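Visitor:
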Amino acid sequence: MLQLEPHADGTILPVRAQPGARRNEIRGEQDGQLKVCVTQSPERGKANKAIVELLSKSLKLKKSQIELISGDTSHQKRFFVHGIAPDALAERIGAAM
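All the letters of the sequence shown, read from the start, carry residue numbers 47 to 143 under the numbering used here.
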């Protein structure tokens, strides 16, 4: 089960990142985190940027709504998604998978 944390201004989304994958995709849930694969390498924030792009496109959000709050250089990342409740975000994630 995905561990979405409610926040006053939105939702905190835990992500397990896999940079250098064959294609950009949301691969499902793993250990309470959303597993996201991107083709970009993890150098100079390229993979983080690609993850934000993939999440915004897949979940029909604006890029400006998605903000990396922790895990800049780690596989375990936490994104703050502005202006959307956890249940609404969970619904969009379900539709995207």
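All residues carry an ideal CB built from backbone N, CA and C; glycine is no exception.
This one's a predicted model, so the numbers in the text were calculated from it and none came from an experiment.
Would you decide whether I130 is buried or exposed? Buried here means 16 or more other CB atoms lie within 10 Å of its CB.
Guide: Per the 10 Å Cβ criterion, buried.
Visitor: What do you get for K123, buried or exposed, if any count of 16 or more other CB atoms within 10 angstroms of its CB means buried?
Guide: buried
Visitor: If I follow the unbroken beta strand (DSSP E) through K95, where does it start and stop?
Guide: Here K95 belongs to no beta strand (DSSP E); instead the alpha helix (DSSP H) covers K92 to S104.
Visitor: Please return the same chain residues whose Cβ sits closer than 8 Å to the Cβ of H53, not counting the five positions on each side in sequence.
Guide: F126
Visitor: With distance defined between alpha-carbon atoms, name the residue in C83, P65 and Q79 nearest to I72.
Guide: The shortest CA-to-CA distance from I72 to any of C83, P65 and Q79 is the one to C83.
Visitor: Output needed for I181: all residues of its chain with C-beta closer than 6 Å, excluding positions within five of it in sequence on either side, in chain order.
Guide: Nothing about residue 181 can be reported from this structure: the residues present for the chain run from 47 to 143 only.
Visitor: Would you please state the rounded distance, in angstroms, between the beta carbons of S102 and K109? I believe it to be under 8 Å.
Guide: Their Cβ separation, rounded to whole angstroms, is 5 Å, which keeps S102 and K109 in contact under 8 Å.
Visitor: So does A54 have its beta carbon nearer than 6 Å to some heavy atom of the ligand SAH?
Guide: The ligand SAH is absent from the structure shown, which contains no ligand whatsoever.
Visitor: As a quick exercise: from N70, H128 and G74, pick the residue whose alpha carbon is nearest that of M47.
Guide: G74
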